[in-house]
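Okay, structure first, notes after.
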Amino acid sequence: MTLLDLPVRPLTPLLEMHLGAGIRAAQRLHGGDISDTFRLDTTRGPFVLKTSPQKAGRRLPDGFYAAEAHGLSLLRPGPLITPDVIAHGSGPAGQPYLLLSWLPPGEDTPAAQDALGRGLAALHARPAPGFGGLPDNYFASLPQRNPPAGSAAEFFWTARLEPLLTRERLHLTPRDRAGFDTLRERLPDLIPPEPPALVHGDLWHGNVHYTPRGPALIDPAVGYSHREVDVAALRLFGGVPRRVFQAYHEAFPLADGWEARAALWNLYPLLAHLLLFGEGYLGRTREALHAALDPR
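Positions 57 to 352 (my numbering) are the ones given, in order, by the sequence shown.
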């Protein structure tokens with residue numbers, strides 16, 4: 057495909073200014089429901105562009121890429137690789153963009169999986185100032201609040217579950233909502249006490265990228281929360297080998313019952329998917345709620 061065929065074209069002069077290089081070609085990359093993502097081949101080598109033309113019915117929230125750039129900055133420098141942020145802003149007609157360094161693909165080997173587990177444990181072991189307290193950002197295209205909270209349970213309810221439960225189009229019945237009311241009362245007893253940790257916040261397997269230099273994290277939705285948020289997310293849609301969790305647990309042991317609690321933490325991404333993609337996620341959300349209230 058040529059630049060003339062792509063959303064890259066209106067941004068080309070601005071991108072070339074940021075890069076100090078000419079753009080030779082752009083190749084659309086797979087994945088992502090929100091952004092159009094491209095590999096840019098330039099006279100300085102490859103880079104990544106994320107953008108979204110501002111069309112009727114498809115507009116990114118204000119500050120979307122700025123929030124992603126801030127999340128990446130918090131993860132750097134760290135035990136896991138993240139892309140460098142080259143630039144972000146708005147181009148012609150308000151078209152937003154985020155320009156990142158290119159992370160070449162590597163192999164998903166047992167050694168790389170061990171490195172992912174150990175690296176995530178090291179990230180979570182770094183001291184955090186408290187639960188919440190970061191600038192608000194986004195989970196997918198949904199606004200995500202990060203107010204200060206006194207505990208992991210308070211933060212998880214007030215900053216994660218409650219804002220989604222007040223939204224329309226969730227397809228929840230009165231019985232479902234009664235279950236969430238019960239969960240709210242029981243949360244302090246369900247969550248093991250631990251210090252806050254910086255979490256990636258949306259760590260399903262699609263946001264893990266193996267490179268020749270080691271595992272990398274992309275597309276964060278960061279927060280200061282309980283570290284089991286990330287561990288649970290890695291289990292949500294499968295695709296992550298058990299040795300990743302074994303390496304994590306060996307480096308930074310998890311409290312007893314962490315596997316059963318994955319359903320609790322994954323209520324947040326499941327509610328988000330229910331809101332974004334419809335009632336196809338309702339059955340799995342109900343299963344997770346039942347499991348969260350009756351962990352075994």
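Here a beta-carbon is modelled for each residue, glycine too, at the ideal position from N, C-alpha and C.
In its own chain, which residues sit with a C-beta less than 6 angstroms from the C-beta of residue i, not counting the 5 before and 5 after it?
i	result
Met-57	Note that Met-57 scores a pLDDT of 48, beneath 50, so its modelled location is shaky; the value from the coordinates is reported in the next line. So no residue of the chain qualifies.
Leu-116	Ser-108, Pro-152
Ala-178	Pro-135
Ser-157	Pro-139, Asp-140
Leu-259	Asp-286, Ala-289, Leu-290
Pro-102	Arg-95, Trp-158
In the DSSP assignment, the alpha helix (DSSP H) including residue i goes from what residue to what residue?
i	result
Phe-94	Looking at the DSSP string, Phe-94 is not in any alpha helix (DSSP H); the run it does join, the beta strand (DSSP E), is 92-98.
Ser-129	120-131
Gly-279	It is not in any alpha helix (DSSP H) - Gly-279 instead sits in the beta strand (DSSP E) that spans 279-281.
So the beta strand (DSSP E) residue i belongs to, where does it begin and stop?
i	result
Val-104	101-107
Leu-265	The amino acid occupying residue 265 in the given sequence is His; Leu does not appear at that position. Per DSSP, His-265 belongs to the beta strand (DSSP E) from 264-267.
Pro-152	152-157
Arg-233	From DSSP, Arg-233 is part of no beta strand (DSSP E) but of the alpha helix (DSSP H) over 230-246.
Val-141	141-146
Pro-199	198-200
Leu-254	253-255
Phe-195	193-195
Arg-317	Segment 314-321 is the alpha helix (DSSP H) holding Arg-317; no beta strand (DSSP E) there.
Where residue i and residue j are concerned, what is the direct C-alpha to C-alpha distance, given to the nearest angstrom?
i	j	result
Pro-325	Ala-272	21 angstroms
Leu-243	Leu-217	11 angstroms
Pro-161	Asp-97	15 angstroms
Gly-175	Pro-252	17 angstroms
Asp-232	Leu-323	12 angstroms
Ala-208	Glu-250	8 angstroms
Gly-147	Pro-66	7 angstroms
Ala-347	Leu-220	19 angstroms
Ala-112	Thr-165	The predicted model places Ala-112 with a pLDDT of 49, which falls under 50 and marks its position as unreliable; any figure quoted below should be read in that light. If you take the alpha carbons of Ala-112 and Thr-165, they lie about 43 angstroms apart.
Arg-100	Ala-316	48 angstroms
Ala-82	Phe-94	6 angstroms
Leu-190	Pro-204	8 angstroms
Ala-311	Pro-248	7 angstroms
Phe-301	Leu-85	29 angstroms
Glu-210	Ile-142	36 angstroms
His-144	Phe-333	28 angstroms
Phe-236	Gly-127	29 angstroms
Arg-223	Ala-328	10 angstroms
Arg-225	Thr-267	39 angstroms
Leu-62	Pro-69	14 angstroms
Pro-309	His-74	44 angstroms
Arg-299	Ala-167	10 angstroms
Glu-241	Trp-213	10 angstroms
Apart from the five residues just before and just after residue i, which ones in its own chain have a Cβ nearer than 7 angstroms to its Cβ?
i	result
Glu-402	Nothing about residue 402 can be reported from this structure: the residues present for the chain run from 57 to 352 only.
Leu-320	Leu-246, Ala-348
Pro-297	Gln-169
Leu-55	What is shown of the chain runs 57 to 352, which leaves residue 55 out entirely.
Arg-201	Asp-192, Ala-215, Pro-219
Ala-125	Val-141, His-144, Leu-154
Tyr-194	Pro-117, Phe-120, Ala-123, Gln-200, Ala-277
Would a C-beta distance cut-off of 9 angstroms place residue i and residue j closer than the cut-off?
i	j	result
Leu-159	His-227	no
Leu-155	Val-104	yes
Ser-129	Lys-106	no
Asp-118	Ala-196	no
Gln-169	Ala-303	yes
Leu-345	Leu-239	yes
Ala-123	Asp-192	yes
Gly-336	Gly-295	no
Short of 8 angstroms in beta carbon distance, which residues of its chain neighbour residue i, apart from the five on each side in sequence? Order them along the chain.
i	result
Leu-131	Thr-138, Leu-179, Leu-254, His-256, Leu-273, Pro-276, Val-278
Arg-269	Ile-137, Gly-162
Pro-351	Leu-246, Gly-313, Ala-316, Arg-317, Ala-319, Leu-320
Gly-206	Phe-187
- Item | Stretch-stretch touch, CB-based, cutoff 8 angstroms, three pairs: the segment 170-188 with the segment 277-293 | With a cut-off of 8 angstroms on Cβ pairs, the segment 170-188 is in contact with the segment 277-293, counting three or more such pairs.
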